[in-house]
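For reference, the structure is listed below as structure tokens.
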DNA sequence: GCGAATAAACTAACGGTGGTAGTTTTAGTC
DNA sequence: GACTAAAACTACCACCGTTAGTTTATTCGC
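Protein chains in written order, with our numbering: chain A, -12 to 214; chain B, -12 to 214.
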């Protein structure tokens, strides 16, 4: 009916309900009408609180980013900070895999996503990494995290054994069992990648930064040029 | 118009036109009616050739997978094979970034994607990697490639400088310039990650496989536990 | 305290979406 | 030459995001 005595909707209530709907039924299940129905309301009412549907999804995405640990860059050496951040970043996204495609488009204007980028970049530069490299490392970690949270690698394989019988796939005889080991495969692959990347970066760090943490500035452009 | 003397549609023509539409206008622009219009036809006619829209997108995704070099696993040592495969995999996806979210859900039943998984897994196992590790490496590479092709890291930052002025983001003063260096940043981050991963894996390889390529089985659990 | 402005719900509607049913005509097969 | 299958069509269906305009309650300025 018309304006109620007590407001039925809050930004926060909309965000929470949307997140719940996304988690339980997937991104496609979130229509303005369905979300509104879940809230006991009528669709267009959402537009009193958000300019459009995308803004709702943005708010959900930013909410999720709040669970990521970025304090570690102030308290740990950079390799450990990358480890802690990377794991909490992945855990936050993997808990809500259905919005990862939306989230992975970048921080955009989401304040918490920007704060995360700021902490990572700042921490790496403070540790002595050249700015362009710090950018690369941040990007690379996002690749790993988003790629791993985007969709389960293991679940991507159909669990119907018949598919893999074809002689075209001589090595996939056991692939139908992957889905059952989803968690182990995805987690294990991420950990393997995280450790490999950090180990590889430590070698690069020695080469590039060497022993001196405070390098004379001006030798490395802040604009990420490479030619 | 009833059945024409010469068929207006072909599976291949639909795939090609859909790919073109995706590349030029994005995934959202692909509706059955728009795609049909581009083909000089009326929407429902597509359903004579594909069971639903998703099958069309699947076919486009598989077409793109055809450009990936998987022969390298037969001709190169595993570290070089990973390099060649990874680069061509990423190049194929980055050429069509708009379908990556669709593609990244896994091989499903797409034959070329399955053939790729088969070649990678087979190649790594033949090189001496334990099966569980081979699975992890394949997953890990997909994370890196899909994460990097999914959406440009650099383009994810708004190019409006005003956003980054806030004192909440003390290190992002130059972030608005990222978009201009998109290609360099994305490419550089991927290369950094690829090399770091391979270097890290080579260390693991020495530890796990050692000099002997044929290790007695049973010493390595298939579950990648770390505690 | 009162009038004006704002806020928060609603109904109705627009154009677009994926998909289905049923029709017509052609092409190919026994 | 009769039958079947294929490939286009028209006409829908229910749903989608969004806008416009309405109604009523609250809040703010004087």
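Cβ coordinates follow ideal geometry from the N, Cα and C atoms, glycine included. Here the structure is a predicted model, which means the values were calculated and not measured.
Among the CB atoms of chain A, one or more fall inside 7 Å of the CB of residue 105/B. Counting other Cβ atoms within 10 Å of its Cβ, residue 85/A reaches 16 or more and is therefore classed as buried. Looking at the backbone, the Cα of residue 147/B and that of residue 176/B are separated by about 23 Å. Proximity to residue 173/A across 151/B, 121/B, 136/B peaks at 121/B, based on C-alpha coordinates. Proximity of chain B to residue 8/A at the Cβ level (cut-off 9 Å) is not reached, the minimal Cβ distance being about 19 Å. In this structure, DSSP gives residue 37/A a state outside helix and strand, which the three-state scheme calls coil. Exclusion of the five residues before and after residue 51/A leaves 79, 83 as the residues of its chain whose Cβ lies within less than 6 Å of its Cβ.
Neighbours of residue 144/B in chain A, taken as residues whose beta carbon is under 9 Å from its own, are 93, 94, 95, 101, 104 in chain order. Across the structure, residue 130/B and residue 131/A are spaced so that their CA atoms are roughly 5 Å apart. Residues of chain A whose Cβ lies closer than 7 Å to the Cβ of residue 33/B do not exist, since the nearest Cβ in that chain is about 20 Å away.
When secondary structure is reduced to three states using DSSP, residue 140/A falls in the coil class, being assigned neither helix nor strand. DSSP places residue 108/A in the uninterrupted alpha helix (DSSP H) bounded by 98 to 113.
In this structure, the CA atom of residue 44/B is about 30 Å from the CA atom of residue 61/B. With respect to chain B, the C-beta atom of residue 77/A has no partner C-beta closer than 7 Å. Taking the Cα positions, residue 158/B is about 13 Å away from residue 117/A.
In the structure shown, residue 175/B adopts helical secondary structure according to DSSP, grouped into three states. Residue 180/A carries a helical assignment under DSSP once its states are collapsed to helix, strand and coil.
For residue -3/B, no alpha helix (DSSP H) run applies, since DSSP gives it neither H nor E.
Under DSSP, residue 125/B forms no beta bridge with any residue.
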